[in-house]
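Asker: To start, I am sharing the structure in question, which I have written as structure tokens.
2 protein chains.
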Amino acid sequence: MSNRNQTESVILGLLSVEGNQSGYDLRKTIQGSVGFFWGESFGQIYPTLKRMAGEGLIVATGGTGSDGEGGRQRQLYSLTEAGRARLTEWLAMPCRDDPPRDEFLLKLFFGGVVPPSISIEHVRAFREKNLRLLATLEELGRLGRERNGDHPQFAFWMLTLTAGVAQIRAGLEWSEAALAMLAELEKGGQPSE
Amino acid sequence: MSNRNQTESVILGLLSVEGNQSGYDLRKTIQGSVGFFWGESFGQIYPTLKRMAGEGLIVATGGTGSDGEGGRQRQLYSLTEAGRARLTEWLAMPCRDDPPRDEFLLKLFFGGVVPPSISIEHVRAFREKNLRLLATLEELGRLGRERNGDHPQFAFWMLTLTAGVAQIRAGLEWSEAALAMLAELEKGGQPSE
DNA sequence: ACACACATGTAATTGGTTACATGATTTC
DNA sequence: GAAATCATGTAACCAATTACATGTGTGT
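Structure, rendered in structure tokens:
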């Protein structure tokens with residue numbers, strides 16, 4: 005009952021809002037919905053699907069390949085009752101907080117041992133990444149509203165979006181201040197080492 | 005030259021600002037400095053130290069135990085030139101962006117399949133965690149200024165702190181709005197499933 | 001004919017956590 | 001002398017990435 009396998013959770017969740025998806029579909033769905041805060045690789049998805057089917061959490065529903073209908077080889081899956089139960093069970097559990105690891109902040113923390121230009125470069129990259137992400141998120145919001153604005157779960161999707169946007173905006177504001185500070189430092193004097 | 009082992013990087017960094025630390029010390033130092041955005045476990049630290057010593061990135065410098073001086077068994081390490089070179093090399097590399105995974109946002113995303121009270125609970129927990137973290141960070145800033153305010157790298161440490169504070173504040177503001185929205189939803193009507 | 005996107009999977013590797021085992025030293 | 005803390009380590013396990021292998025259908 006430990007639920008350490010997070011891939012399982014995303015799959016359960018996505019299949020609960022729309023069944024009959026293949027591994028390939030799931031990956032695309034992930035990228036187009038939770039992609040900005042969640043990633044999955046095929047090497048994780050396919051084995052997990054098989055395992056889950058074996059455990060009765062999902063069922064293989066049609067798809068070409070097994071029956072000789074022709075067409076491209078696809079294996080679709082849908083949630084079972086057991087799967088849905090597992091999903092709600094997982095949702096009710098408190099979030100595990102795995103220790104965060106932010107390589108960007110780590111490099112910045114040790115920025116004093118190298119010339120400031122290096123940290124400046126990192127902050128710039130951070131800023132640009134956030135700018136790109138912000139654009140993506142806004143696009144995602146636009147698309148979502150247009151295509152699923154009337155979906156009963158839309159409000160929750162928007163909630164995650166606004167959370168992302170808030171984080172990004174904060175990051176952007178901070179990065180401006182950080183760049184100003186670093187520019188000052190670069191003018192002022194070299195670091196001790 | 006891929007530097008996938010991030011534990012190595014923290015160790016290099018920390019030993020560069022202060023040598024003669026044991027695995028135990030390093031853990032404490034981590035918690036008291038980069039702890040709010042970086043975690044390490046003993047099971048990772050000790051083997052990594054051994055490997056790094058074998059590769060010549062660090063050296064075992066004194067500590068009791070090997071020489072029969074008595075006192076508690078401790079193995080201290082310091083950076084070598086090779087270690088310092090590796091550190092600067094790592095610092096100059098662009099940050100790898102490993103796919104993020106935010107279980108909180110994931111649960112919120114699927115909040116529509118369970119009663120709103122569950123999502124409310126998650127957001128509350130998120131909010132409280134952020135409040136606690138904010139207090140920790142402010143304390144950390146106070147302590148740091150008081151003890152290391154004159155250290156040449158202090159400015160960089162503050163930079164990571166302010167980044168953390170900015171993120172947290174944004175999260176807190178968002179959580180208020182989210183709670184308001186969810187409360188509304190709870191009054192209004194049950195979710196579709 | 002060729003390239004590209006679709007589609008599924010396996011194998012190797014690793015980074016990391018957790019739990020366990022052990023013992024010394026200080027403190028009460 | 002018991003408990004807490006200091007201190008180091010090992011073993012088991014697992015989640016996940018990456019690279020590789022394979023084949024089909026579509027568009028040009």
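Chains A and R, in that order, are what the protein sequence lines are. The numbers in my numbering rise by one with no breaks, and the one at position 133 of the first sequence is 137. The numbers in my numbering rise by one with no breaks, and the one at position 41 of the second sequence is 45. From the three backbone atoms N, C-alpha and C, an ideal C-beta is built for every residue, glycine too. Keep in mind that this is a model prediction, so the values were computed, not measured.
1. Beta-carbon of R/K191 versus every beta-carbon of chain A: anything under 7 Å?
2. Measure the C-alpha to C-alpha separation of A/F40 and A/I49 and round it to an integer number of angstroms.
3. Do three or more CB pairs link the segment 49-64 of chain R to the segment 13-22 of chain R at distances below 8 Å?
4. Output the boundary residues of the beta strand (DSSP E) element that contains A/S121.
5. Mind checking who R/L83 pairs with in its DSSP beta bridge?
6. Can you tell me which of the three DSSP states A/Q77 falls into?
7. Would you mind telling me which residues of chain R sit closer than 9 Å to A/R173, beta carbon to beta carbon, in chain order?
8. Use the C-beta contact count for A/L147: other C-beta atoms within 10 angstroms, 16 or more gives buried, fewer gives exposed.
9. Rounded to whole angstroms, what is the Cα-Cα separation between A/A129 and R/I172?
10. Roughly how many angstroms separate the alpha carbons of R/G74 and R/E44, rounded to a whole number?
11. Short of 7 Å in beta carbon distance, which residues of its chain neighbour A/N24, apart from the five on each side in sequence? Order them along the chain.
12. So, is the C-beta of A/R149 closer than 7 Å to a C-beta in chain R?
13. Write down the C-beta distance between R/R131 and R/L186 rounded to the nearest angstrom, noting that I regard them as a contact closer than 8 Å.
14. Under a Cβ-count criterion, where at least 16 other Cβ atoms within 10 Å of its own Cβ denotes burial, should A/E180 be classed as buried or exposed?
15. Determine the DSSP secondary structure at A/R270, reduced to helix, strand or coil.
16. Taking the alpha-carbon positions, what's the A/R151 to A/K133 distance?
17. What is the DSSP secondary structure of A/G25, counted as helix, strand or coil?
18. Could you check whether the Cβ of A/T84 sits closer than 6 Å to any heavy atom belonging to the ligand MG?
19. Is it buried or exposed, A/E107, if we count other Cβ atoms within 10 angstroms and call 16 or more buried?
20. I believe R/L109 touches A/A167 by the beta-carbon criterion, under 8 Å. Please report the beta-carbon distance rounded to the nearest angstrom.
21. At a CB distance below 9 Å, what residues from the segment 6-29 of chain A approach chain R? Give them in sequence order.
22. Contact criterion: CB-CB distance below 7 Å. Does A/I49 meet it with respect to chain R?
23. Take every Cβ of the segment 84-95 of chain R, pair it with every Cβ of the segment 27-35 of chain R, and state whether three or more of those distances are shorter than 8 Å.
24. Can you pull the chain A residues whose beta carbon is under 7 Å from the beta carbon of R/F46, in chain order?
25. Listed in chain order, which residues of the segment 29-43 of chain R have Cβ atoms closer than 7 Å to some Cβ of chain A?
Answerer: Taking the structure as given:
1. no
2. 18 Å
3. yes
4. Run containing A/S121: none in the beta strand (DSSP E); it sits in the alpha helix (DSSP H), P120 to N152.
5. R/I62
6. coil
7. A174
8. exposed
9. 21 Å
10. The pLDDT assigned to R/G74 is 49, lower than 50, so where the model puts this residue is not dependable; a value taken from the coordinates is nonetheless given after this. If you take the alpha carbons of R/G74 and R/E44, they lie about 29 Å apart.
11. T65, L80 and S82
12. So, not an interface residue.
13. Contact flag wrong, Cβ pair sits at about 12 Å.
14. exposed
15. The first residue shown for chain A is 5 and the last is 197, placing residue 270 of chain A beyond what the model contains.
16. 27 Å
17. The sequence given here places Gln at residue 25 of chain A; Gly does not occur at that position. Of the three classes helix, strand and coil, the one that applies to A/Q25 here is strand, per DSSP.
18. With respect to the ligand MG, the structure shown offers nothing to examine, as it has no ligands at all.
19. buried
20. 6 Å
21. Q10, S13, V14, L16, G17, L18, S20 and V21
22. no
23. no
24. What R/F46 touches in chain A: nothing, since even the nearest Cβ is about 13 Å away.
25. From the segment 29-43 of chain R, only V38, F41, W42 and G43 have a Cβ closer than 7 Å to chain A.
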